[in-house]
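Trainee: If you read the sequences in order, they're chains A and B.
Per the working numbering, the first sequence starts with residue 1, numbered consecutively.
Per the working numbering, the second sequence starts with residue 1001, numbered consecutively.
C-beta atoms are modelled at their ideal positions from N, C-alpha and C, and glycine is treated no differently.
Number of protein chains: 2
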Amino acid sequence: MYTVGYIGLGIMGKSIARNILKAGFPIVVHNRSRASVNELVSDGAAEAFSPAEVASRSDIIFTNLPDSPDVEKVVLGPDGILEGAHEGQVFVDNSTIKPAVARDLAVKLSGKGVEALDAPVSGGDIGARDATLTIMVGGPTSALEKVMPAFEAMGKTITHVGESGAGQVAKAANQIMVAAQMIAMGELLVLAQKTGVDPAKVVEAIKGGAAQCWTLDVKPQRLFSGNRQPGFKAYMQAKDLNIVLDTAREYGVPLPATAENAQLYNAMLQMGMAELDNSAIIGVIESLAGIKLKIAKQI
Amino acid sequence: MYTVGYIGLGIMGKSIARNILKAGFPIVVHNRSRASVNELVSDGAAEAFSPAEVASRSDIIFTNLPDSPDVEKVVLGPDGILEGAHEGQVFVDNSTIKPAVARDLAVKLSGKGVEALDAPVSGGDIGARDATLTIMVGGPTSALEKVMPAFEAMGKTITHVGESGAGQVAKAANQIMVAAQMIAMGELLVLAQKTGVDPAKVVEAIKGGAAQCWTLDVKPQRLFSGNRQPGFKAYMQAKDLNIVLDTAREYGVPLPATAENAQLYNAMLQMGMAELDNSAIIGVIESLAGIKLKIAKQI
């Protein structure tokens, strides 16, 4: 059984690392802030004091960080993974970053004999905790075969999308659809209420038909109960849409609807809602329409 | 068992009328063009030569017509339903029209002692044929109780959304979400292909996660096989979005994302794709990006 390294113990990373640990893998963790390191250590993880140290002590090194520059720094920077890496290792990035950066890192790691997988996830804090994540994988099959037991400890749907960067392209595609659904939900709930129709009844009426989606299955109850806490933070959704639009521009793909949706998330951040759930985008539509969604009595 | 009248035997109406007939209700049908009338008559339906005649011979009168002015004409116009209507009848409109028009017709019919339900449907030609439609109902409970056996013969999910017009508000909400999903699907498939990643693999990777929706479950296979035939025609989707935006303006609700989506459907019509499926909106994104989605080999 190989030793796993895990760098980046945020909401997602901490749950994923814990599930890998529970599956029986020896694990070495590292994180900028100490609180979650201590939690994992008390569960049985070993601690490392730099990404380089994690790399030197692991067979498979995971990262789970906010954005492209963070992953670049942890891999390529001083005391970074590349410094501690050795031939035969596999690097796996669970972050959501630009496909072009994922490919660039894969090339640089291959210079040290390290294979790389981009493996962003979807399914939120609940999916991370319950090990039901969707994992979108780009990179060589040989590396995926090695990492598969760890993936199976953290997720349910594991898809090999293609070569290096393809996992990040799938995640970008995922975020195009998620943002569209979140904003459509906000628009339709506000419209229903302002026409005098019960938004909860509208959701009940449409959620089984052609409009059916995970968003309508899961998020309206939270909004009706007045809960706009994350879940998945709005500023991360906005960041992911910027990755989508940067990638689309790079490849020459105009995305008129996603561009509009990105603007609405940008507005959400400016309006002081950056730390709320991505479904709280309804707050932007509420402001535009001059109303607030009614909070239903708890059932 | 009451006699049902059905006016408007298009793709949807013909299948619905047939299912009502199959459930054992005597049925009187009327349609502008004769071909589908003849089909229904050979199945056992009676024929009427005007909406007024249908009304005079039925206990419950259904309409299923393209747009608000069509329904207004068939109800209020010469030889219309109102002329043949009698007290105790129920009028049921399966069309997708403006909520304000639905409410206005309900008021006018109530003057003759006729109760009205707006009951637009979702689920497409397949749902109509298989009697699995989602039916969104607005209007009085007493009328819904009378009509329920006929609804159960044509649909699966029947929701009483609220008072008159509320069914049309739910359908407008449904179309906000459906249009958002269709366009997001088009954008993500084109982006995937142009970055060199297999769009089918991307769909496989994301369809089980937070992006999950009926659209991604059902439509990509059609697009990958080169099939852009309806299904649900693009000009009907565009018409429904105009209903959404008219209603939103009337009630003072800015809908920035739906407005953008409506513009893309308007472009689709101008580009000669009005008769294609609503999922063929990808054609607009293809044009913008200068590529065509690859057609996969039949599996």
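1. In chain A, which residues lie less than 7 Å from residue 1204/B when you measure between Cβ atoms?
2. Helix, strand or coil: how does DSSP classify residue 1068/B here?
3. Using a Cβ-Cβ distance cut-off of 8 Å, determine whether residue 141/A contacts chain B.
4. Relative to the alpha-carbon of residue 1137/B, which residue among 1276/B, 1001/B, 1166/B, 1073/B has its alpha-carbon at the smallest distance?
5. What residues from chain A crowd round residue 1174/B, counting only those whose CB sits closer than 9 Å?
6. For residue 1182/B, count the other beta carbons within 10 Å of its own beta carbon; 16 or more makes it buried, fewer makes it exposed. Which is it?
7. In chain order, what residues of the same chain lie with their CB nearer than 7 Å to the CB of residue 1273/B, ignoring the 5 residues before and after it?
8. Distance, Cα to Cα, residue 299/A vs residue 220/A?
9. Nearest CA to the CA of residue 48/A: which residue from 177/A, 192/A, 7/A?
10. Taking the straight line between their C-alpha atoms, what separation do you get for residue 1250/B and residue 1098/B?
11. Let me check one thing: in DSSP terms, what residues is residue 27/A bridge-paired to?
12. Go ahead and label residue 79/A buried or exposed: buried means 16 or more other beta carbons lie within 10 angstroms of its beta carbon, across all protein chains shown.
13. Return the CA-CA distance between residue 50/A and residue 26/A, expressed in angstroms with no decimal places.
14. Is residue 1198/B close to chain A, meaning its C-beta is less than 8 Å from at least one C-beta of that chain?
15. Whole alpha helix (DSSP H) runs in the segment 1113 to 1185 of chain B with 4 or more residues, listed along the chain?
16. Please identify the residue among 1154/B, 1291/B, 1124/B whose C-alpha is closest to the C-alpha of residue 1278/B.
17. When you compare only the Cα positions, how much space is there between residue 1286/B and residue 1265/B?
18. When the cut-off is 8 Å and only beta carbons count, does residue 220/A lie next to chain B?
19. I need the straight-line Cα distance from residue 152/A to residue 144/A, nearest angstrom please.
20. Out of 1213/B, 1224/B, 1128/B, point me to the one whose CA is closest to residue 1201/B's CA.
21. Rounded to whole angstroms, what is the Cα-Cα separation between residue 34/A and residue 72/A?
22. Measuring CA to CA, which of 1142/B, 1289/B, 1258/B is closest to residue 1163/B?
23. Give a yes or no on whether the minimum CB-CB distance between residue 1194/B and chain A is below 8 Å.
24. What does a CB cutoff of less than 6 Å around residue 103/A pick up in its chain, not counting 5 residues either side in sequence?
25. Suppose only complete runs of 4+ residues qualify. What are the alpha helix (DSSP H) ranges in the segment 200 to 242 of chain A, listed by chain order?
26. Going along chain A, which residues have a C-beta under 8 Å from residue 1255/B?
27. On the three-state DSSP scale, how would you describe residue 1090/B?
28. Please tell me whether residue 1234/B has its Cβ less than 8 Å away from any Cβ of chain A.
29. Measure from the C-beta of residue 299/A to each C-beta in chain B and report whether the shortest distance is under 8 Å.
30. Run down chain B in chain order and give the residues with a C-beta less than 7 Å from the C-beta of residue 99/A.
31. Using the beta-carbon of each residue, which ones in chain B are nearer than 8 Å to residue 181/A?
32. Applying a beta-carbon distance threshold of less than 8 Å, which residues of chain B neighbour residue 52/A?
33. Tell me, please, whether the segment 111 to 121 of chain A touches the segment 86 to 96 of chain A by the rule of three or more beta-carbon pairs shorter than 8 Å.
34. Alpha carbon to alpha carbon, how far is residue 1179/B from residue 1276/B? Give it in angstroms, no decimals.
35. Return yes when at least one heavy atom of the ligand ADP lies under 7 Å from the C-beta of residue 121/A, else no.
36. Once you ignore the five residues that flank residue 1175/B on each side, which residues in its own chain have a CB closer than 8 Å to its CB?
Mentor: Here's the rundown:
1. Within chain A, the residues near residue 1204/B are 159.
2. Under the three-state reduction of DSSP, residue 1068/B is assigned to helix.
3. Answer no: the Cβ-Cβ gap between residue 141/A and chain B never drops below 8 Å.
4. Just measuring C-alpha positions, the residue of 1276/B, 1001/B, 1166/B, 1073/B sitting nearest residue 1137/B is 1166/B.
5. Those within 9 Å of residue 1174/B in chain A are 188, 202, 205, 206, 209, 210, 211.
6. Residue 1182/B should be labelled buried.
7. Here residue 1273/B has 1234, 1280, 1283 as same chain residues with Cβ atoms under 7 Å from its own Cβ, once five neighbours each way along the sequence are excluded.
8. Confidence at residue 299/A is low in this model, with a pLDDT of 47, below 50, so the placement of that residue should be treated as unreliable; the coordinate-derived value is given next. Computed Cα separation, rounded: 14 Å.
9. Cα-wise, what sits closest to residue 48/A is 7/A.
10. Computed Cα separation, rounded: 11 Å.
11. Per DSSP, the beta bridge partners of residue 27/A are 4/A.
12. When all chains shown are included, residue 79/A counts as exposed.
13. C-alpha separation (whole angstroms): 18 Å.
14. True, the Cβ-Cβ gap to chain A drops below 8 Å.
15. Here the runs fully enclosed are 1124 to 1130, 1141 to 1154.
16. Taking each of 1154/B, 1291/B, 1124/B in turn and checking the Cα distance to residue 1278/B, the smallest one comes out for 1124/B.
17. Distance between the alpha carbons of residue 1286/B and residue 1265/B: 14 Å.
18. Taking CB atoms only, residue 220/A has no neighbour in chain B less than 8 Å away.
19. Roughly 11 Å between the two C-alpha positions.
20. Distance from the Cα of residue 1201/B is smallest, within the candidate group 1213/B, 1224/B, 1128/B, for 1224/B.
21. Approximately 22 Å between the Cα atoms of the pair.
22. Residue 1142/B is the option with its Cα nearest to residue 1163/B.
23. Yes, its Cβ sits closer than 8 Å to a Cβ of chain A.
24. Only 164, 165 meet the Cβ criterion.
25. For the segment 200 to 242 of chain A, the full-length alpha helix (DSSP H) segments reaching 4 residues or more read 214 to 224 along the chain.
26. Residues of chain A whose Cβ lies closer than 8 Å to the Cβ of residue 1255/B are, in chain order, 187, 191, 285.
27. Three-state DSSP puts residue 1090/B in a strand.
28. Closer than 8 Å: no.
29. Confidence is the limiting factor: at residue 299/A the pLDDT is only 47, short of 50, which leaves the residue's position unreliable, though a coordinate-based value still follows. Cβ-Cβ to chain B under 8 Å: no for residue 299/A.
30. Going along chain B in sequence order, the residues near residue 99/A (Cβ under 7 Å) are 1195.
31. The answer, in chain order, is 1177, 1180, 1181, 1184, 1211, 1213.
32. Simply none; closest approach about 32 Å.
33. They touch, by the three-pair rule.
34. Their backbone Cα atoms lie some 14 Å apart in a straight line.
35. Although the ligand ADP was asked about, the structure shown includes no ligands whatsoever.
36. Excluding sequence neighbours, residue 1175/B sits near 1096, 1237, 1240, 1241, 1243, 1244.
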